[in-house]
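So the sequence shown is numbered by the working numbering: it starts at 43 and just counts up by one. The C-beta atom is built at its ideal place from N, Cα and C for all residues, glycine as well. Here the structure is laid out as structure tokens; the discussion comes afterwards.
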Amino acid sequence: MTGLLLLSSHEGNVTRGDDFFQVKGSATNQMSKCSKNDISVAQGPAGTLPGGISQYLVQITNTNPQVPFADIHLNCKDFSSAILVSPEIFRRIAVDDCLVNDGRALAPGAALSFRYASTKQYPLPVVSATC
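Pasting the structure below:
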């Protein structure tokens, strides 16, 4: 299993809209927009286990150049893996709800990745995040 755990923090006031947020930074007093669409989730095949179970590599990236995201939640259906996925990186907390990076912030431009093994590839759309 591979994984990268990145930590960051951000202070400021957050205003939430339907699909976007505005963040007013305390230090600069400038407004930055952020959206859950700023979080990219890419995955693809990464080989097979000896028993023939497919492996997948997932990369989650904060594409916003200015704003970190925390409490990133993905819709993960009934996610399970035949290999261990570090719960600090990706953890199913309920049906249809997986938490990324143990809820900690993903810095602007930062990415983390992990592998899982399953008989099916799970779609992992972003449901919510805090910026």
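CB contact flag (residue i, residue j, <8 Å)
i    : j    : result
C118 : D139 : yes
Cross-strand partners of residue i (DSSP beta bridge)
i    : result
V100 : Q85 and F156
A112 : T172
Three-way DSSP call (helix, strand, coil) for residue i in this model
i    : result
K75  : strand
D80  : helix
D144 : helix
Distance, residue j Cα to residue i Cα
i    : j    : result
S96  : I125 : 11 Å
F156 : T90  : 15 Å
F121 : P107 : 30 Å
E130 : I114 : 12 Å
C173 : A112 : 6 Å
For residue i, the nearest candidate out of the options (CA to CA)
i    : options                 : result
G79  : L99, N104, A88 and Y158 : The displayed chain sequence assigns Asn, not Gly, to residue 79. The shortest C-alpha separation from N79 is found at N104.
T161 : A88, K75 and I135       : A88
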